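Student: Residue numbers (our numbering): 183 to 416. Glycine is no exception: its CB is placed at the ideal position from the N, C-alpha and C atoms. Please read all numbers here as calculations on a predicted model, not as lab measurements.
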Ligand SMILES: [Zn+2]
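#1: Write down every uninterrupted run of the beta strand (DSSP E) in the segment 218-278 whose length is 3 residues or greater and which is fully enclosed by it, in chain order.
#2: Hey, would you say the C-beta of residue 313 is under 8 Å away from at least one heavy atom of ligand 1?
#3: Taking contact to mean at least 3 C-beta pairs separated by less than 8 Å, is the segment 380-393 in contact with the segment 322-332?
#4: If you draw a straight line from the alpha carbon of residue 396 to that of residue 402, how long is it in whole angstroms?
#5: Do you know offhand how far residue 398's Cα is from residue 318's?
#6: With C-beta atoms as the reference, is residue 338 less than 9 Å away from residue 291?
#7: Is the CB-CB distance between residue 280 and residue 355 below 9 Å?
#8: Specify the secondary structure class of residue 216 as computed by DSSP and reduced to three states.
#9: If you measure between the beta carbons of residue 283 and residue 210, is that distance less than 9 Å?
#10: Could you spell out where the beta strand (DSSP E) holding residue 286 opens and where it closes?
#11: May I ask you to report which of helix, strand or coil DSSP gives residue 350?
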């Protein structure tokens, strides 16, 4: 499945330590220009061996505590990696006391499906029934992601629009600190949007496709040859 990644780019994110002062009414306010888009990416078919798929699943899912018993045997897999990039452009103004306001001018958010693969175990090759069944199952994951992209597009635009209207200017002792503070707030908001999307994706793939009933069904397809295949590899 997936490993959530968050990548926030832009020079404005380079500052680390901030000394933020309380908001002063004298900071100029501006509603930044915002853009939000989704890049769905291409789905590639890749036939890996069952051992390779298992290895990758463990590596990707274990850190997130997403390991399930089904992980023991993979005859198919759909791997999707997503990433949300946010770029912030600010303008700074110096107040009479020397402190600096960072005002958001522009926020560009892109949700990317950076890696999409539909996998059918190389061990199933030559068995037309198994190949077809496994591919059909994995194709449902791909189709669900596509549907979720379509559903999420207006939600993302709305959330990023709200974010732009609500992101108040940051006041600090110098420009770097002010920009860093603004970046920190943006990052927290964007992280929430991303985490919400990924949690929903995981929930829907499990609830709508990878159900106990579906796993039970898979053991009976093609005259039980999935069992034979996984038994060999256990
Ligand atoms: Zn599945």
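Tutor: Put simply:
#1: 225-228 and 258-276
#2: For the purposes of this step, residue 313 is identified with residue 131 of the chain shown, where counting begins at 1. No, since every heavy atom of ligand 1 falls outside the 8 Å radius drawn around the Cβ of residue 313.
#3: yes
#4: Taking the chain shown and counting its residues from 1, the one referred to as residue 396 is at position 214. Taking the chain shown and counting its residues from 1, the one referred to as residue 402 is at position 220. Straight through space, the alpha carbons of residue 402 and residue 396 are spaced by roughly 10 Å.
#5: Translated into the one-based positions of the chain shown, residue 398 becomes position 216. Translated into the one-based positions of the chain shown, residue 318 becomes position 136. Their Cα atoms are separated by approximately 16 Å.
#6: Here the question's residue 338 lines up with position 156 in the chain shown. Here the question's residue 291 lines up with position 109 in the chain shown. Between residue 338 and residue 291, the CB-CB gap stays under 9 Å.
#7: Stepping through the chain shown from its first residue, residue 280 is reached at position 98. Stepping through the chain shown from its first residue, residue 355 is reached at position 173. Yes, Cβ-Cβ distance for residue 280 and residue 355 is below 9 Å.
#8: Mapped onto the chain shown, residue 216 falls at position 34. DSSP places residue 216 in strand when its eight states are reduced to three.
#9: Position 101 of the chain shown, counted from the first residue, corresponds to residue 283. Position 28 of the chain shown, counted from the first residue, corresponds to residue 210. The Cβ atoms of residue 283 and residue 210 sit closer than 9 Å to each other.
#10: Locating residue 286 in the chain shown gives position 104, where the first residue counts as 1. Per DSSP, residue 286 belongs to the beta strand (DSSP E) from 282-302.
#11: As a working mapping, residue 350 is identified with position 168 in the chain shown. DSSP places residue 350 in coil when its eight states are reduced to three.
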